[in-house]
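Enquirer: Structure provided below as structure tokens; questions to follow.
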Amino acid sequence: MVRETWATRVGFILAAVGSAVGLGNIWRFPFITGQEGGSAFLLVYLAFIALIGFPALLVEFVVGRRTELNPVGALQELGSGAWRYVGYLFVVTGFIILSYYSVVAGWFLRYTVIGVTDGYTASAASPDAAEALFGSVATGLDSLLFHALFMVLVVAIIAAGIRSGIEVAVKVMVPAIIVLLIGLAAYGFTLDASAEAYAYYLSPDFGVIAENWTSILPAAAGQAFFTLSLGMGVMITYASYLGEDRNLAEDAGIIVGLDTAIAVIVGFVVFPFLFAAGLTPGDGGAGEIFVSLTAAFAEIPAGRVIGTVFFAMVGIAALSSAISILEVLASYLMDEFGVDRVPAAAGLGVAVFVLGVPVTVDLVFLDLLDLFADSILLVLGALLLALFVGWVASDAAREELEIGIGDLGGLGEAWIWVVRIPVVVVVAVSLYLGVVEYAEFLTEDFADWLAAR
Ligand code: PFF
């Protein structure tokens, strides 16, 4: 079976941007920014993207292009000893992340439908009404059905393959996201509250950074990895479908630039809406954006249309990310076991759906999976890969990066040293903090939940 490749360079770049831009940019970024102090966090986050995210993205790219294999096969080909098994971690992480990512994405589809059928005024009546609406969407039959619908869309795209599935889909979806987002930001600019919102978002207070660096640093590092889809082999897999030798550093620069620009623009959308409704960013967690934004959409002019467009855009962004995760899993089954693409996609889709079902029953399972995958597995995967490429396979990595670029001289060496020390240290510290946080969750919130059964 000949391995498929991307038809065009644009196709590969858009697929990677589609993967990077998702719930992480739109749902997670604003509330993390809100929780961590607004502009202060933004500054640290931008620094981390450039210093840590960009080199780490190149690491995944060289591994994928060199081996032309899924993450499990890639690590088995390159690594010896225990390194051979790191790829399995990526597959397990992808499986878990996709299961709840799909449930949350389903909520956005449901809110899009609510915009079309009823509008958001009901949830503006009182905070309780908005909460109640979110509750009815987040768990129960609705949640289950929209989780299923979302997985059907993901499977359909992956079953159609690299060129006629992923590449066609992202060529429509990514431009749509960008156009809708810029339109929404322009609308946000017209709101009276925009000046206050921009001030909050754009004038960094260095005092805030100095006071809160212990929570800002890990939050910024975690967000940088999550938003660039690093730590679970997505970028290894996408780079494995590169047929020709291109300048990977240039491609990575474009991808990082677009993902970051989109996250920053999301702030220009979400914060004016929140301030317009008299709300403070970052007050709540996962459900907050639904509760507070629907309240905002009920207040502002043309809020129903704007809201519907907003939720649909997030649904599209989530879809272009979710397909990248299913592709990691499917490529593993196809490469290693010779399973055909369609049964691989369908079988995995069913399995992921089943794993996500508990989340639709009780949101405690969202925290249980999200915290574990996000702050432990993803970071652990990124750490092991950075250690492996930086310290064990650095010659091969540098050689691979130079293909398509030419002799990098000292820059290649600099890249390896950035991966060896700053990337490893930042990721290791994040992992430590992630483990502490998860232990707290298990012994406190989760223990309380179990005790209440
Ligand atoms: N980068 C995606 C986002 O920001 O929503 C999420 C994601 C996709 C994380 C794929 C990890 C991943 F492997």
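This note's numbering puts the first residue of the sequence shown at 43, with every later residue one more than the last. Cβ atoms here follow ideal geometry from the backbone N, Cα and C, with glycine treated the same way.
(1) Between the Cα of E286 and the Cα atoms of Q77, S472, G446, which residue gives the shortest distance?
(2) Between the Cα of W491 and the Cα atoms of D409, I297, A305, which residue gives the shortest distance?
(3) Can you look up T47 in the DSSP assignment and give me helix, strand or coil?
(4) Closer than 6 Å by C-beta to G275: which residues in its own chain qualify, once you throw out the five before and the five after it? Chain order, please.
(5) Considering only the alpha carbon of each residue, which of F268, M277, A291 lies closest to T302?
(6) Pick from L84, Y480, V421, A489: whose alpha carbon is nearest that of A241?
(7) At a cut-off of 8 Å, is V311 close to the ligand PFF when judged by its beta-carbon and the heavy atoms of the ligand?
(8) Who are the Cβ neighbours of F176 in its own chain at under 6 Å, not counting the five residues just before and after it?
(9) Report the residue ranges of all alpha helix (DSSP H) runs contained in full by the region 383-434; include only those spanning at least 4 residues, in chain order.
(10) If you draw a straight line from the alpha carbon of V179 to that of L56, how long is it in whole angstroms?
(11) Given 8 Å as the limit, tell me if L411 has its C-beta closer than that to any heavy atom belonging to the ligand PFF.
(12) Measure from the alpha carbon of D404 to the alpha carbon of each residue in A386, G182, A82, E209, then state which is nearest.
(13) Our contact map puts I365 next to I199 with C-beta atoms below 8 Å; I'd like the distance itself, whole angstroms only.
(14) With DSSP run on the structure shown, which of helix, strand or coil describes L120?
(15) So, is D416 buried or exposed, given that buried needs 16 or more other C-beta atoms within 10 angstroms?
(16) State the CB to CB distance for the pair S362 and V212, rounded to an integer number of angstroms; the pair is presumed to be in contact (CB under 8 Å).
(17) So V128 and L427 are in contact, right, with Cβ under 8 Å, and what is the actual spacing, rounded?
(18) For the region 243-326, which segments carrying the alpha helix (DSSP H) assignment without a break, of at least 4 residues, lie completely within its bounds, in sequence order?
(19) If you draw a straight line from the alpha carbon of S245 to that of A239, how long is it in whole angstroms?
(20) Between V308 and the ligand PFF, is the CB less than 8 Å from at least one heavy atom?
(21) Can the beta-carbon of A305 be found less than 9 Å from the beta-carbon of V86?
(22) Looking only at its chain, what residues have a beta carbon closer than 8 Å to the beta carbon of A429, apart from the 5 residues adjacent to it on each side?
(23) Would you be able to state if there are at least three C-beta pairs under 8 Å between the region 248-263 and the region 343-352?
(24) Output the distance between the C-alpha atoms of A228 and L120, rounded to the nearest integer angstrom.
(25) Tell me, please, whether the region 138-148 touches the region 61-75 by the rule of three or more beta-carbon pairs shorter than 8 Å.
(26) Expressed to the nearest angstrom, what Euclidean distance is found between the alpha-carbon atoms of T154 and R383?
Expert: On the basis of the data shown:
(1) Check the Cα spacing between E286 and each of Q77, S472, G446: the tightest is with G446.
(2) D409
(3) coil
(4) P113, F132, V370
(5) F268
(6) L84
(7) no
(8) G329, F332, V333
(9) 383-403, 406-414, 420-429
(10) 31 Å
(11) no
(12) G182
(13) So it is a contact: roughly 5 Å between Cβ atoms.
(14) helix
(15) Label assigned to D416: buried.
(16) 6 Å
(17) 7 Å
(18) Fully enclosed alpha helix (DSSP H) runs of 4 or longer: 248-269, 276-282, 290-318.
(19) 10 Å
(20) Answer for V308: no, Cβ out of range of the ligand PFF.
(21) no
(22) Note that residue 429 is Leu in the sequence shown here, rather than Ala. Excluding positions up to five away in sequence, the list reads V466.
(23) no
(24) So the two alpha carbons sit approximately 48 Å from each other.
(25) yes
(26) Taking the CA atoms as reference points, T154 sits about 31 Å from R383.
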